[in-house]
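Heads up: the sequence shown is residues -27 to -1, 1 to 138, going by mature numbering (1 follows the signal peptide of the UniProt record, and there is no 0). What follows is one structure encoded as C-alpha cells, with my remarks underneath.
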Amino acid sequence: MKPTVSFTALALALGLMLPLAAPEALAQPAPVSGPRTVQPGTAPLPADDRLYRALGGRDSIQRFTDDFYERMLQDARIARYFEGVNTKYLKRTLADYFCVVAGGPCVYDGVGMKDAHAHLGIDAAAFNALVESLQLAMDAAGVPFGTQNQLLARMAFFHRDIITK
C-alpha cells in the first residue's frame, strides 16, 4: 500500500528534487517553436524539449497515457469521472497535453483544464488517486523517477483548475 501524501507536500517535494533529476537525459536541449498551447496565459511552457526527450518522445508518452487512462477506468475512486467519455479522443488529447507540457512539438487542441473539470466536483482525494495512476503508468513504462517528478511538477500548476470540491 502506498502512503498518502498531500498534493502540496508532493508539489513541494517535486520542486526540491528537480535539480537532482537525470542530468544526462537533459543535455543539449532543442529550442521549441511553433504553435503550442495548453491554456494560453495560465502556465509557463518550457523553452526546450529536454523533458519531452527524457520521457521518450511522442510514442512513449502515448503508451504511458493509454496505460494511465486504463488504470483510471479500473480505479474505483475515480472511474466515475470517465463515464460516457470518448476514450479515443481523451487518450489522444491527454497525450498531446503531456507532450506540450513536457516541451514537445505537439499541439493540444482540447478544452482548457478549468473548463474540462469544472462540472465534475473533483476533490483532493480523487486528484491524488489520478496522480497515483499516472505514476504507476509511468513506472510501468520505465520512466525514471526524476523524469516523472519533472512532469508532475510542470502539471502542478493546474491542480487548482482541476480540484473544484
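Yeah, the Cβ is synthetic: ideal placement off N, Cα and C, and Gly gets one too. These numbers come from a predicted model, not from an experiment.
Counting C-beta pairs with one atom in each stretch, the segment 37 to 46 and the segment 77 to 87 have fewer than three that are closer than 8 Å, which means they do not touch. Judged by DSSP secondary structure, glycine 115 falls outside any alpha helix (DSSP H); it is assigned neither H nor E.
In the structure shown, the three-state DSSP call for aspartate 32 is helix.
In the three-state reduction of the DSSP assignment, aspartate 21 falls in the strand class. Apart from sequence neighbours up to five positions away, the residues of its chain that approach valine 116 with a beta-carbon distance below 7 Å are Leu28 and Phe37, ordered along the chain.
In the three-state DSSP reduction, aspartate 69 falls in the helix class (H, G or I).
In the DSSP assignment, arginine 133 falls within the unbroken alpha helix (DSSP H) covering 132 to 135. DSSP, read as helix, strand or coil, puts arginine 53 in helix. With 16 or more neighbouring CB atoms inside 10 Å of its own CB, glutamine 121 falls in the buried class.
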